[in-house]
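Here's the structure we're looking at; comments come further down.
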Amino acid sequence: MSKQPKILSTILECVAVLILGGIIISLLNRTIDTEPKVKNVIFMIGDGMGVSHITATMIHNSYEPLNMERATSAGLQKTYSANSRVTDSAAAGSALSTGYKTNNGMIGMTPDGVAHPSIREKAERAGMATGIIATYPVTNATPASFVGHVPHRNMEDSIATYYLSNTVDVIIGGGSRRFDQREDGRNFLDSLRAREYIVTNDLADIKDVTEGRVAVFPTDDSMPTVLHGRSTEFLPTATAKALEILTNNADGDGFFLMVEGSQIDGWAHKHELEGVITETQDFDNAVGVAFDYADKHPGTLVVVTADHETGGLTIVNGNRKFDLNDHMVDYAWTTGGHNGGMVPFFAYGTGAEHFKGVLENTDIPRIMCRLLGLDEN
Ligand SMILES: [Zn+2]
Numbered sequence: 007m008s009k010q011p012k013i014l015s016t017i018l019e020c021v022a023v024l025i026l027g028g029i030i031i032s033l034l035n036r037t038i039d040t041e042p043k044v045k046n047v048i049f050m051i052g053d054g055m056g057v058s059h060i061t062a063t064m065i066h067n068s069y070e071p072l073n074m075e076r077a078t079s080a081g082l083q084k085t086y087s088a089n090s091r092v093t094d095s096a097a098a099g100s101a102l103s104t105g106y107k108t109n110n111g112m113i114g115m116t117p118d119g120v121a122h123p124s125i126r127e128k129a130e131r132a133g134m135a136t137g138i139i140a141t142y143p144v145t146n147a148t149p150a151s152f153v154g155h156v157p158h159r160n161m162e163d164s165i166a167t168y169y170l171s172n173t174v175d176v177i178i179g180g181g182s183r184r185f186d187q188r189e190d191g192r193n194f195l196d197s198l199r200a201r202e203y204i205v206t207n208d209l210a211d212i213k214d215v216t217e218g219r220v221a222v223f224p225t226d227d228s229m230p231t232v233l234h235g236r237s238t239e240f241l242p243t244a245t246a247k248a249l250e251i252l253t254n255n256a257d258g259d260g261f262f263l264m265v266e267g268s269q270i271d272g273w274a275h276k277h278e279l280e281g282v283i284t285e286t287q288d289f290d291n292a293v294g295v296a297f298d299y300a301d302k303h304p305g306t307l308v309v310v311t312a313d314h315e316t317g318g319l320t321i322v323n324g325n326r327k328f329d330l331n332d333h334m335v336d337y338a339w340t341t342g343g344h345n346g347g348m349v350p351f352f353a354y355g356t357g358a359e360h361f362k363g364v365l366e367n368t369d370i371p372r373i374m375c376r377l378l379g380l381d382e383n
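Quick note: to get this note's numbering, add 6 to the position in the sequence shown (first position is 1).
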């Protein structure tokens, strides 16, 4: 007789536990749902920009904080490629764009020749707006990694074809000769115009353009460096204009923009510190534009990093007059090529907290994809 109430109370206890469990799960879900969603990603890559390049720029600025220092999260990433401790820009660019390591020289594919979509391509396929900005030719290794898939970085005429088979809303950079002085005689600038691109060689021509497709090629090859006359307005202005156009094109569906400070690397190969500093400063001004955008547009993540370090630059205590700002500072280069050390990354904006610690270079696009709701592989 006394068994029945006991069963009843056990059932009631079970029901209570289930209800309580349900409440806890729904509360947890609500917490997950309220984490701000990343809609836009701005990926900024300083080619060859190692810790010492940034430090030299800080010294030149008398330690006035750089824009990069506004980052709320930072860490280090391992740059080695699939076949070398010391990567080149092709393998590093591919790792940062596809999430797969590859051999030096290869673009957008693994060593077995299998092409993997870049985060930009995945974003485009998901209906997001996308853009690429560089001061080297847009067919050069780093930007190429976000648009094409070729076994060797030197195949720049082939890389240019990917700008027709993809739709990169905003293309700004050097290298028009791969579009209109091609070995196959085709004129890709006309092809872009036929695809409703505004094609021009002057950024000022798109001053009043606020949406649609634009391709701006100020030069037929690499743009001049800042020391050789490129306006320090160029990269920040190009970044701001791209953000305006992509915001309107995305119409709430989000965008992906890659901005490369291309020419830090070139000066570091030549062991020209003033060139390195002026290009790093210029890149940092563009970082400031991106961070300001993230301040005003919640849902925007900005990640700043390098593909590798160039020159093996080190800063030492010296008596030689440092002709920039600090007389007790000297510098030394240890290689004419790249070095295999880790490089820093900085993150700012929505989701920045996911970028911290020591990462593989391939982790960076994978985390970005996860936050954007895109396939990581
Ligand atoms: Zn290099």
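Note that CB positions come from ideal geometry on N, CA and C, so glycine has one too.
Bear in mind that the values here come from a model prediction, so they are computed numbers and not experimental data.
Item to check | Three-way DSSP call (helix, strand, coil) for residue 192 in this model | outcome: coil
Next on the checklist: Quick test of the definition: if touching needs 3 or more C-beta pairs under 8 Å, does the region 50 to 66 touch the region 309 to 320?
Outcome noted: yes
Item to check | Residues near residue 282 by beta carbon distance below 7 Å, same chain, minus five either side | outcome: 59, 62, 270, 273 and 274
Checklist entry - Are the C-beta of residue 203 and some C-beta of chain B separated by less than 8 Å? => result Here there is only one protein chain, and chain B is not present.
Item to check | Buried or exposed by the 16-neighbour rule on C-beta atoms within 10 Å, applied to residue 350 | outcome: buried
Item to check | Straight-line Cα distance separating residue 227 from residue 163 | outcome: 13 Å
Checklist entry - Do residue 126 and residue 264 have their CB atoms nearer than 8 Å? => result yes
Next on the checklist: Going by C-alpha to C-alpha distance, which of 317, 49 and 110 sits closest to residue 340?
Outcome noted: 317
Checklist entry - Taking the continuous beta strand (DSSP E) assigned at residue 79, which residues delimit it? => result 79 to 84
Checklist entry - To which residues does DSSP link residue 266 through a beta bridge? => result 51
Next on the checklist: Please report the distance separating the alpha-carbon of residue 146 from that of residue 359.
Outcome noted: 31 Å
Checklist entry - Run through DSSP, which three-state label would residue 371 get? => result helix
Item to check | Sequence-distant residues of the same chain with beta carbon closer than 7 Å to residue 233, five excluded per side | outcome: 280, 281 and 284
Checklist entry - Roughly how many angstroms lie between the CA atoms of residue 65 and residue 301, to the nearest whole one? => result 27 Å
Next on the checklist: Tell me the residue span of the beta strand (DSSP E) that contains residue 242.
Outcome noted: No beta strand (DSSP E) holds residue 242; the alpha helix (DSSP H) holding it covers 240 to 256.
Item to check | C-alpha distance - residue 324 paired with residue 68, whole-angstrom precision | outcome: 17 Å
Checklist entry - With respect to the alpha helix (DSSP H) encompassing residue 60, which residues constitute its N-terminal and C-terminal limits? => result 57 to 66
Checklist entry - Cβ of residue 87 within 7 Å of any heavy atom in ligand 1? => result no
Next on the checklist: One question on the structure: do residue 129 and residue 354 come within less than 8 Å of each other, judged by their Cβ atoms?
Outcome noted: no
Item to check | beta strand (DSSP E) runs contained entirely in the region 129 to 176, provided each spans 3 or more residues | outcome: 135 to 143
Checklist entry - Taking residue 44 as the reference, which of 219, 134 and 344 has the closest Cα? => result 134
Checklist entry - From residue 171 to residue 153, what does the alpha carbon distance come to, in whole angstroms? => result 9 Å
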